[in-house]
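Visitor:
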Amino acid sequence: MPARITVIYYSSTGNVHSIAEAVARGAESAGAEVRLRRVPELAPDSVIDTNPAWRAHIEATAHIEEATLDDLRWADGYAFGTPTRFGNVASQLKQYLDTTGGLWHEGVMVGKAATGFTSSYETHGGQETTLVALYNVMHHWGSIIVPTGYADYEVIHAAGGNPYGLSISDSDESAVKYVQAAAEFHGARFAKVAEALRPLQAAA
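In my numbering, the protein residues as written are 927 to 1130.
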């Protein structure tokens, strides 16, 4: 049976969303069944409306289903995306992760594959610390973290060379096509790893 992959993300202006879509495409190319889900927006309208791109992205992605806990129970692997927020996970995604205590207690996420992706304005805007912070949750879950590493050195190097997970910098528009290619590559590889790890899952 092909792997079931849930891609869950938060994106304010669209960069993380674009990586999420590319990861989903890559996983589907490897034969996986994929759910693409966004987490709810928490910021007040008064803040969102100070940035037209933020408001436009919310409206453009309103059709994407919001993530539920069933999306974790259903999947063999999880790809989580978040922009950096002072070198940490955005509160929107963190709130969702903080609701998983019941599933954690059941052991639902044990042995399942997990990976992360992120974005920041600057290249050194906290991408690596954000991914490491995200993976702290996966350690507690007992999931198997699947970083990008340098599984294909040329592909990952062209995308910025982040071995912790996929990442993009707003200030480097020239890198977008390379990050997209890396995301599709990693999505396909991730789906294959998730399928191979299925026997290690502790709960159905």
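C-beta atoms are modelled at their ideal positions from N, C-alpha and C, and glycine is treated no differently.
If you're wondering where the values come from, they're calculated on a predicted model, not measured in any experiment.
(1) Could you work out which residue in TYR1022, ILE1071, TRP1067 and VAL1081 is closest to LEU968 when comparing CA atoms only?
(2) Along the chain, where does the alpha helix (DSSP H) containing PRO978 start, and where does it finish?
(3) For LEU1092, which option in ARG964, PRO1073 and PRO966 has the closest C-alpha, if you only look at C-alpha atoms?
(4) Going along the chain, which residues of its own chain have a beta-carbon closer than 8 Å to the beta-carbon of ASN941, five neighbours each way excluded?
(5) Which stretch, first to last residue, makes up the alpha helix (DSSP H) that contains ILE974?
(6) Would you identify the three-state DSSP class for PRO1073, choosing helix, strand or coil?
(7) Going by beta-carbon coordinates alone, are ALA946 and VAL933 separated by less than 7 Å?
(8) Go ahead and pull the three-state DSSP assignment for VAL1034.
Guide: Reading it off the structure:
(1) TYR1022
(2) 978 to 986
(3) PRO1073
(4) PRO1009, SER1045, ILE1094 and ASP1096
(5) 971 to 974
(6) Correct three-state label for PRO1073: coil.
(7) yes
(8) coil
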